[in-house]
Structures are given as structure tokens and as C-alpha cells.
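Trainee: Sharing a structure with you now.
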Amino acid sequence: QHATPHLKDEKSRQELISLAIDNEMEQFFWSSLLRTMGPMITAFVTLLGALVGLQNYLDTRNNEHRDRVAMDLNSVLKQLVSNEPRERSVGVVGLQHFLNPEKHDYHLRAFSALITLARIENDAEVLRMIRIATEQAVRNLPSDILTSISWQAVKLNGARLTHANLTGIDMRDAFLENVVLDHAIIDRADFT
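Residue numbering for the sequence shown follows our numbering, starting at 203 and increasing by one per position.
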């Protein structure tokens, strides 16, 4: 009978030793894992932070660029309403910058201003600059922009609108003496 309690104590002691070893192994495993993974996790978090910072920087730069371009367009639009023909000519030349394919966010505003000026302008030099800018617009802008605005009563004498898609364009009462429309698409256009 003395052997049985001694065996129970020995068995309990071995179980405790086994649990202690298991505990030590588990602690060693997690400790080793954290030591091994720690630098990688730190590098990942640093990289993630750098990417977020870079994205914020690029967004800020993009917004600043957009604001600068909008201010430039507003400056050009002010030149278009000047009393001085030379200033209006400079404004039309500046407007051409916004009629390039990559400036699609500004196409409608720039083209509307150009066509509006083409209706009311009387100075020969300014009209020549308007003609050149309109030819550029016809080459660069999508047809939906070209036809979204009425060209009614524009003064475009001598303009070369070759290969332009002018489907459905409204050119009623327009001054189009010597305008070249070779290979232009003028289906449903109104030249009354």
C-alpha cells in the first residue's frame, strides 16, 4: 500500500515536469517566432507607412497641379474679356493649351469660351487666332465636346475643318467664307 501513494506522487511529479517542459517549449517557440518575425513585421509596417505617405504626397501634388491649371485657365479667360485686342489674342493663344487631348477636364470650359469669343469678336487679328485655335480644337477634341456647344453665328472665315466629325453641329448664321470641310462628317449639321 505504501507503493501506490509513492507511484501516484511520482506520476504527478512527472506530469508536472512534462507540463513545465511543454510550457517552456511553447514559450521558446513564441519567443523564437517573435524574434525571427519581428524585423520582417517592422519592415512591412515601415513599407506600408511609406506607401501611404507616398500616396498622400502624390495626391497632394496632383491637387496642387489641378489647382494651378484651374488658376491658369481663369487667368486666360480674363484675358479673353479684355478691351485690348492684343490681350484677347494672347488669351486665345493661352486657351490653345487647354485644347490638348491630355487636358480633357478643361475641354468644355475652354472650348465654350473660344466659341463664345468667335461669335462676338470683330478684330481681324483676334479672329485669325480664334480660327487657328478652332482648327486645333477640331483636331484634338472629341466630337461630343464639339457638338455640345452651338456654333451659331461664329466667325470662322478661312478655317480648315478637314476630317472633323461635325455630326449634328449647329452652325446656323455662321460666317464660314472659304472654310475647308474636306472629308469632314457633317451629317445632320445645320448650316442654315
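Note that the Cβ used here is the ideal one computed from N, Cα and C, for glycine as well.
1. In terms of residue numbering, what span does the alpha helix (DSSP H) encompassing residue 340 cover?
2. In whole angstroms, give me the CA-to-CA distance for residue 303 and residue 366.
3. Can you tell me whether residue 224 is helix, strand or coil according to DSSP?
4. Could you tell me if residue 361 is buried or exposed, where buried requires 16 or more neighbouring beta carbons within 10 angstroms of its beta carbon?
5. How long is the line joining the alpha carbons of residue 298 and residue 339, rounded to whole angstroms?
6. Can you look up residue 362 in the DSSP assignment and give me helix, strand or coil?
7. Note down, in chain order, each residue of its chain lying with its Cβ closer than 8 angstroms to the Cβ of residue 379, except the 5 sequence neighbours on either side.
8. Could you tell me which residues DSSP puts in a beta bridge with residue 357?
9. Taking the CB atoms as reference points, tell me whether residue 291 and residue 337 lie closer together than 8 angstroms.
10. For the ligand HEM, I want to know if residue 345 counts as a neighbour, meaning its beta carbon is within less than 7 angstroms of at least one of the ligand's heavy atoms.
11. Taking DSSP's pairing of strands, which residues face residue 367 in a bridge?
Mentor: According to the structure shown:
1. In the sequence shown, the residue the question calls residue 340 occupies position 138. 326–342 is the extent of the alpha helix (DSSP H) around residue 340.
2. Reading the sequence shown from its first residue, position 101 is the one you call residue 303. Reading the sequence shown from its first residue, position 164 is the one you call residue 366. Between residue 303 and residue 366, the C-alpha separation is close to 15 angstroms.
3. Numbered from 1 along the sequence shown, position 22 holds the residue referred to as residue 224. In this structure, residue 224 counts as helix in the three-state DSSP scheme.
4. As a first step, residue 361 must be located in the sequence shown, where it is residue number 159. Buried, by the Cβ-count rule.
5. Here residue 298 refers to the residue found at position 96 of the sequence shown. Here residue 339 refers to the residue found at position 137 of the sequence shown. The straight-line gap from Cα to Cα measures roughly 8 angstroms.
6. On the sequence shown, residue 362 is found 160 positions in, with the first residue counted as 1. In the structure shown, residue 362 sits in a strand (DSSP, three-state: E or B).
7. Taking the sequence shown and counting its residues from 1, one reaches residue 379 at position 177. Excluding positions up to five away in sequence, the list reads 359 and 360.
8. By one-based count along the sequence shown, residue 357 stands at place 155. Answer is 377.
9. Working through the sequence shown from its first residue, we reach residue 291 at position 89. Working through the sequence shown from its first residue, we reach residue 337 at position 135. For residue 291 and residue 337, no; Cβs fall outside 8 angstroms.
10. The model on display carries no ligand, and the ligand HEM is accordingly not part of it.
11. Counting from one through the sequence shown, the residue named residue 367 turns up at place 165. Answer is 387.
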